[in-house]
Amino acid sequence: MARSSARIIKNPFMSLIPSPRSLTQLFSVSPPLTSLFSSKKTSPSLSIFILSFLFSFTFLGISIFRFFPSSQDSIHCSIISPTTSPISSHPLPSSYSQIILTSLLAGINSDNKIQPRIGGTAMVPLPVHLVSGNLSEEETEFWKQPDSNGYRPCLDSTIGYRKRSAKISKEKNRFLVVVAAGGLNQQKNQIIDAVVIARILEAALVLPVLQVNMIWEDESEFPDIFDVEHFKKTLRADVRVVSSLPSSHLVAKQTIVTQIPYGVSPFWIRAKFFKQLNQEGVLVLKGLDSKLSKNLPSDLQKLRCKVAFHALRFSKPILQVGNQLARRMWIEGPYISLHLRLEKDVWVRTGCRTGLGPKYDQIITQIQKTQPQYLTGRVNMSYSQRRLSGLCPLNAFEIARLLKALGAPQSGRFYIAGGEPFGGSKALEPLAAVFPNLVRKEMLARDGELSPFLNSSSALSAIDYIVSFNSDIFIPSHGGNMGRALQGHRAYMGHRKSIRPNKRTMLPFFEDSSISDEEFSSIIRSLHNKSMKPEPRKKQRDNDVIAYPVPECMCRHGSGIF
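Here the sequence shown is numbered in my numbering, starting from 3 and rising by one per residue.
Following this line, the structure appears as structure tokens:
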């Protein structure tokens with residue numbers, strides 16, 4: 003998408019509509035005016051004149067308030083720029099465009115702290131762009147957003163859950179301590195399950211401990227990445243969250259439980275730990291990743307969504323920079339976020355080839371031999387078997403073929419999320435050759451904006467998350483925790499388009515040179531049609547409600563969270 007394209011966008015600022023209370027205050031006129039209505043000497047014509055004047059004044063005030071838009075009204079408007087691209091729009095009066103453009107630029111250029119747009123307790127993304135104009139059929143389909151089918155967030159709990167909350171939310175005798183390991187989104191998964199386990203055990207949750215990441219050497223603590231007070235406040239009706247153990251529960255030696263089977267049920271958790279927790283007062287759990295079952299009772303599934311999409315808000319410094327970068331991408335028009343897993347550690351852990359040639363593949367192979375503990379891929383499979391099984395990230399060449407087949411315009415703007423690719427700029431050359439408008443956070447940021455986070459891979463990942471969350475389309479090159487988290491979060495906040503590459507099914511067609519480009523594109527698009535509608539969660543081991551919030555956390559009828 004050319005930078006100078008004309009386009010239709012939605013305004014991210016909410017209309018200031020007076021509340022009933024403000025209207026009451028508006029009609030609570032001063033004593034002299036009040037006496038005019040109560041005085042017996044006032045003539046009928048004068049009373050009618052005063053009433054008419056007040057009504058007209060009120061109507062004018064409301065009209066003026068409504069003229070200035072703000073964050074939660076979806077107002078269609080246009081920002082007109084030179085029509086050098088195939089994108090066109092049907093503009094509204096220029097005064098609206100100037101107000102909106104000025105507001106956005108003020109937000110981008112201001113040194114003041116930018117607060118996230120919040121609906122209730124959830125972070126709300128910037129509006130999607132309405133793309134129109136001289137587009138091919140494939141490009142039109144590519145930019146098309148999914149139909150929500152009427153689904154919206156609904157986290158209403160049962161009466162029984164709410165009754166138990168009165169006691170659990172005030173718990174002062176049992177405390178759960180959880181150590182979360184891994185990268186940012188892996189830690190988020192464990193924090194989510196920690197809250198659910200605390201609820202199951204009727205325990206207070208001590209603020210989770212983020213284990214030092216040995217691969218990325220990240221020593222970030224919970225308050226560095228997440229908003230602590232928001233976390234506590236959002237969950238106060240479900241679980242009591244405390245910053246540290248009380249002095250009465252500090253003991254010289256604590257038992258740390260690390261051996262927990264995969265996919266355990268709430269019954270297993272309670273039978274295994276409730277008695278011990280009652281006796282000792284403190285339970286320390288470590289290594290919770292994927293240990294709690296993905297299939298839980300309805301109330302606990304909703305609690306998972308509440309933690310993921312409402313309670314785990316990033317800290318204010320991270321939000322400020324993330325929102326700044328997202329607005330800088332958004333103001334230029336529609337953009338696609340690509341989460342590319344091309345880092346060295348990813349190739350080492352998956353046991354896959356880089357696509358950069360024998361020289362780079364040999365480096366990865368040597369690391370795998372000297373540090374086999376990092377290899378998490380199936381060691382009993384060859385590289386070809388792993389790749390065709392969908393266990394390898396797509397490299398830059400494969401991503402470029404996928405995007406072209408899906409109908410992505412070559413002028414499209416792409417935000418590249420993820421760490422430094424192994425091989426540097428060479429790793430992105432096959433993608434840049436077809437889609438040259440590639441942008442990274444380092445290119446968007448101004449001097450010093452990223453400096454506070456350079457030693458924190460989790461903070462940098464969180465910034466990528468925010469910019470990707472606000473994109474018109476999100477595409478991960480590999481499943482992974484961030485891809486699943488963003489897929490679910492974007493679905494929860496309005497079914498924004500996310501395309502999950504169907505690697506296992508599509509890669510054999512990549513190898514088939516007998517099919518034409520047109521036939522290849524048709525096949526690839528048909529394999530990814532599910533991105534065009536809400537996909538209900540299937541009750542399988544790896545299908546988490548965080549990635550598939552329909553139908554447990556989203557419904558067509560009933561009251562929603564907002």
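Here a beta-carbon is modelled for each residue, glycine too, at the ideal position from N, C-alpha and C.
Distance, residue j Cα to residue i Cα
i           : j           : result
residue 431 : residue 366 : 20 Å
residue 474 : residue 391 : 29 Å
residue 180 : residue 127 : 30 Å
residue 82  : residue 501 : Residue placement at residue 82 cannot be trusted, given a pLDDT of 27 that sits under 50; what the coordinates show is reported in the next sentence. Whole-angstrom Cα-Cα distance: 30 Å.
residue 160 : residue 196 : 21 Å
residue 297 : residue 276 : 21 Å
residue 74  : residue 547 : Caution is warranted here: a pLDDT of 32 is assigned to residue 74, below 50, making its placement in the model unreliable, and the coordinate value is therefore given only provisionally. Each residue's Cα considered, the two are about 26 Å apart.
residue 239 : residue 199 : 15 Å
residue 348 : residue 395 : 8 Å
residue 452 : residue 290 : 31 Å
residue 353 : residue 222 : 28 Å
residue 124 : residue 318 : 14 Å
residue 230 : residue 205 : 18 Å
residue 438 : residue 423 : 17 Å
residue 285 : residue 484 : 29 Å
residue 192 : residue 350 : 24 Å
residue 373 : residue 212 : 24 Å
residue 404 : residue 526 : 7 Å
residue 209 : residue 469 : 27 Å
residue 166 : residue 241 : 11 Å
residue 243 : residue 207 : 5 Å
residue 486 : residue 177 : 30 Å
residue 388 : residue 400 : 16 Å
residue 281 : residue 442 : 52 Å
residue 360 : residue 507 : 26 Å
residue 494 : residue 433 : 30 Å
residue 383 : residue 504 : 20 Å
residue 416 : residue 541 : 34 Å
Classification of residue i by the beta-carbon crowding that lies within 10 angstroms, buried from 16 upward
i           : result
residue 269 : exposed
residue 510 : exposed
residue 364 : exposed
residue 136 : exposed
residue 435 : exposed
residue 172 : exposed
residue 273 : exposed
residue 139 : exposed
residue 479 : buried
residue 454 : exposed
residue 220 : buried
residue 174 : exposed
residue 449 : exposed
residue 151 : exposed
residue 429 : buried
residue 149 : exposed
Near the ligand PLP: residue i beta-carbon under 7 Å from a heavy atom
i           : result
residue 364 : Because no ligand of any kind appears in the structure shown, any question about the ligand PLP cannot be addressed here.
Cβ neighbours of residue i in the same chain (closer than 7 Å, five flanking residues each side left out)
i           : result
residue 447 : 327
residue 48  : Note on residue 48: pLDDT 47, under 50, position unreliable in the model; the coordinate value appears next. So no residue of the chain qualifies.
residue 519 : none
residue 51  : Confidence in residue 51 is poor, its pLDDT being 49 and thus under 50, which makes the residue's placement too unreliable to answer from.
residue 304 : 157, 159, 554, 555
residue 522 : 407, 511
residue 264 : 292, 293
residue 492 : 471, 476, 498, 500
Bridge partners - residue i, DSSP secondary structure assignment
i           : result
residue 557 : 154
residue 298 : Residue 298 pairs with nothing; no bridge assigned.
residue 287 : 180, 259
residue 208 : 244
residue 418 : 340
residue 253 : Answer is none; residue 253 lacks a bridge partner.
residue 228 : 316
residue 266 : 294
Contact set for residue i: own chain, Cβ-Cβ below 6 Å, skip 5 residues either direction
i           : result
residue 141 : 409, 411
residue 490 : 548, 549, 551
residue 233 : 313
residue 515 : none
residue 513 : none
residue 369 : 350
Beta-carbon proximity list for residue i, same chain, < 8 Å, skipping 5 on both sides
i           : result
residue 194 : 306, 309, 310, 314, 548
residue 464 : 186, 227, 316, 320, 324
residue 425 : 344, 356, 358, 362
residue 246 : 208, 209
Check your understanding: What runs of the alpha helix (DSSP H), each 4 residues or longer, lie entirely inside the region 440–514?
Key -> Correct list: 443–446, 459–471, 482–494, 505–513.
Check your understanding: Where in the region 314–394 do unbroken runs of the alpha helix (DSSP H), each at least 4 residues long, occur, reported from the N-terminal end onward?
Key -> With a minimum length of 4 residues, the continuous alpha helix (DSSP H) runs that stay inside the region 314–394 are 318–332, 346–352, 360–372, 385–390.
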